RNA sequence: CGGGGUGUGGCGUAGUCUGGCAACGCGCGUGCUUUGGGAGCACGAGAUCGCCGGUUCAAAUCCGGCCACCCCGACCA
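Numbering (our numbering), first residue to last: 1 to 574.
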């Protein structure tokens with residue numbers, strides 16, 4: 001569990017004393033730039049899969065990130081508190097999530113045998129606090145936030161700090177009288193998020209997103225475009241439309257329509273994939289239909305049909321069938337419904353819920369499975385040859401599809417989610433009985449929103465957005481130190497150490513933050529480390545710089561160098 | 001959970017196929033020299049080769065089991 005907020009002022013530091021080690025070689029198992037650089041530069045160390053320590057340098061960056069978030073949350077009237085990391089299971093049973101959430105929640109029993117959980121989020125605790133404290137509409141609205149450890153036993157952590165199992169999150173909760181109040185709070189958080197990411201040096205795009213397991217009516221994710229991103233965004237550069245692919249409702253291409261022809265089975269040995277099938281028959285993927293199978297949380301077998309050149313969008317499908325927790329179906333489950341995996345067709349199937357994508361339903365004479373191994377059926381027409389249970393949009397938007405707003409071709413980009421905002425509604429307050437007495441004399445459930453930012457992920461994302469081939473290039477707003485002071489050839493001129501020590505002493509006296517490389521290392525080592533660590537300014541004191549009139553100042557971001565007087569440097573690092 | 005990969009001083013690796021003294025670079029310690037772009041010389045410390053079991057005169061190496069970590073997928077507020 002995390003401690004109270006870090007102190008906001010730090011002593012200036014000698015590198016010779018810092019708990020730190022840079023690595024000359026790239027760690028073997030780090031692939032993303034942020035992971036590689038944060039390890040090499042001594043900001044973080046890994047303890048286990050998805051479990052990291054922040055070393056002193058990394059902790060300072062995290063503290064600065066937190067402080068920016070804190071200032072912007074406070075500025076919209078959001079109040080900081082601190083809720084526990086360990087919860088009694090009871091409140092999670094009250095909300096229904098104790099059973100609804102799977103093995104990603106950490107669970108244990110205390111010494112008395114009571115079920116306990118490790119916090120993966122804090123809606124339940126907020127709702128519990130609200131039901132204890134809020135009595136009247138006069139006490140609302142209120143917004144609350146904290147920075148607290150979350151534990152989510154992810155199936156797979158990845159990318160260093162990008163996806164971890166234990167992390168610090170800023171999570172805020174708005175508590176309003178009604179939906180109109182929630183809209184106001186939501187907009188206030190939206191604005192705060194825009195200011196936070198701007199100050200962190202992250203150019204984000206806010207996209208509409210799925211409400212997922214949190215429930216609720218509206219949600220946005222703040223996304224950083226990145227080639228290693230886990231989400232795909234659908235973006236229109238013409239009108240600014242932006243959506244997560246999970247929920248993007250683009251206009252689909254026009255279907256090919258023709259007069260229905262009689263069906264005809266054709267032998268297609270060894271063509272269990274669409275690509276094989278199209279090649280074998282000399283047609284395109286768009287001339288085929290493909291069936292994908294899922295088992296819903298309630299046990300139904302869901303048969304999803306899309307055109308062969310489309311992909312099934314699991315989020316849309318899950319929402320369409322109220323399936324909650326789809327998983328890929330097993331072959332025996334598919335066979336039990338009378339279909340042949342690899343050559344499956346809903347024609348003649350029993351006991352499966354068939355959902356057909358709009359485009360496949362409108363297209364004529366498609367090649368589909370024949371429910372016989374090694375055979376497909378030509379000229380299948382949805383409606384004539386089988387009757388689907390549901391026809392709706394269950395396909396992923398594709399590159400170049402028409403924008404739903406303006407019709408221009410959309411672009412697909414991968415991105416990392418750095419923050420999200422949700423309109424939760426009354427799901428948790430109703431479950432936990434968090435109500436207020438309204439002006440009308442009646443009890444009403446409090447209307448909630450939730451707003452999250454992962455501190456460590458943002459730290460890594462800042463590095464993703466601000467690095468070069470030499471190392472990290474911190475934005476000044478989050479840099480662990482404002483400047484990196486380097487001495488060179490100190491043994492050749494006693495004034496080198498005198499000037500550096502005086503500058504260091506001055507920076508301590510006035511509360512400036514300078515990392516002072518006082519090590520007896522060769523110039524190459526010191527410069528390389530300075531560039532790797534990434535402070536905005538590198539200050540070099542050497543016989544050469546003194547002869548030129550002072551201290552050499554290098555801007556890390558641009559590489560621009562100049563020699564400035566000691567007085568000018570004092571002003572600079574202030 | 002499925003697929004792929006990797007575990008050998010602090011870091012990066014070779015050695016494993018074909019069993020036979022634990023190897024290389026960097027880093028680390030001491031001394032001397034050196035000091036504007038990852039210095040030189042000398043001496044030195046540091047490894048139960050992921051773990052357990054088996055085969056063998058002999059196992060980093062072969063066999064079996066397990067564990068950890070990474071990548072892809074599934075999954076994920």
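Quick reminder that beta carbons are idealized off the backbone N, C-alpha and C, glycines included. The structure displayed is predicted, hence computed values, not measured ones.
Roughly how far, in whole angstroms, is the beta-carbon of residue i from the beta-carbon of residue j, given that I think they are within contact range, below 8 Å?
| i | j | result |
| --- | --- | --- |
| residue 514 | residue 504 | 6 Å |
| residue 556 | residue 537 | 7 Å |
| residue 116 | residue 88 | 6 Å |
| residue 412 | residue 232 | 6 Å |
| residue 171 | residue 451 | 7 Å |
| residue 310 | residue 365 | Not quite, the Cβ-Cβ distance comes to about 17 Å (not below 8 Å), so this is no contact. |
| residue 66 | residue 455 | 6 Å |
Using the Cα positions of residue i and residue j, report the straight-line distance between them to the nearest angstrom.
| i | j | result |
| --- | --- | --- |
| residue 164 | residue 432 | 30 Å |
| residue 496 | residue 38 | 31 Å |
| residue 230 | residue 333 | 30 Å |
| residue 25 | residue 41 | 11 Å |
| residue 285 | residue 217 | 36 Å |
| residue 27 | residue 459 | 19 Å |
| residue 196 | residue 190 | 10 Å |
| residue 262 | residue 379 | 6 Å |
| residue 244 | residue 114 | 40 Å |
| residue 153 | residue 563 | 52 Å |
| residue 523 | residue 483 | 17 Å |
| residue 265 | residue 354 | 21 Å |
| residue 295 | residue 393 | 19 Å |
| residue 8 | residue 47 | Confidence at residue 8 is low in this model, with a pLDDT of 48, below 50, so the placement of that residue should be treated as unreliable; the coordinate-derived value is given next. Going by the C-alpha atoms only, they are around 27 Å apart. |
| residue 248 | residue 234 | 7 Å |
| residue 13 | residue 30 | 28 Å |
| residue 161 | residue 59 | 13 Å |
| residue 339 | residue 374 | 13 Å |
| residue 549 | residue 494 | 16 Å |
| residue 79 | residue 147 | 12 Å |
| residue 15 | residue 68 | 26 Å |
| residue 173 | residue 449 | 5 Å |
| residue 246 | residue 118 | 29 Å |
| residue 260 | residue 330 | 33 Å |
| residue 242 | residue 20 | 42 Å |
| residue 281 | residue 306 | 19 Å |
| residue 398 | residue 410 | 8 Å |
Could you tell me which residues DSSP pairs with residue i in its beta bridges?
| i | result |
| --- | --- |
| residue 235 | 242 and 411 |
| residue 552 | 540 and 563 |
| residue 357 | 392 |
| residue 452 | 171 and 420 |
| residue 375 | 267 and 372 |
| residue 482 | BP columns for residue 482 are empty, so no partner. |
| residue 78 | 143 |
| residue 14 | 516 |
| residue 221 | 207 and 420 |
| residue 152 | BP columns for residue 152 are empty, so no partner. |
| residue 52 | 46 |
| residue 366 | 380 |
| residue 386 | 382 |
In the DSSP assignment, the beta strand (DSSP E) including residue i goes from what residue to what residue?
| i | result |
| --- | --- |
| residue 174 | 166 to 176 |
| residue 334 | Segment 331 to 336 is the alpha helix (DSSP H) holding residue 334; no beta strand (DSSP E) there. |
| residue 180 | First-last for residue 180: 179 to 199, but that is the alpha helix (DSSP H), not the beta strand (DSSP E). |
| residue 344 | No beta strand (DSSP E) contains residue 344, which DSSP labels as neither H nor E. |
| residue 302 | 301 to 307 |
| residue 48 | 44 to 48 |
| residue 445 | 443 to 445 |
| residue 292 | 289 to 295 |
| residue 204 | 204 to 208 |
| residue 437 | 435 to 437 |
Tell me the residue span of the alpha helix (DSSP H) that contains residue i.
| i | result |
| --- | --- |
| residue 497 | 494 to 510 |
| residue 35 | 33 to 40 |
| residue 63 | 56 to 75 |
| residue 137 | No alpha helix (DSSP H) contains residue 137, which DSSP labels as neither H nor E. |
| residue 314 | 314 to 321 |
| residue 527 | 523 to 533 |
| residue 427 | 427 to 432 |
| residue 286 | Segment: none, residue 286 is in no alpha helix (DSSP H) and carries neither H nor E. |
| residue 597 | The requested residue 597 is not part of the displayed model; the chain covers only 1 to 574. |
Which runs of the alpha helix (DSSP H), 4 residues or longer, sit entirely within the segment 86 to 135? 89 to 95, 97 to 100 and 123 to 133
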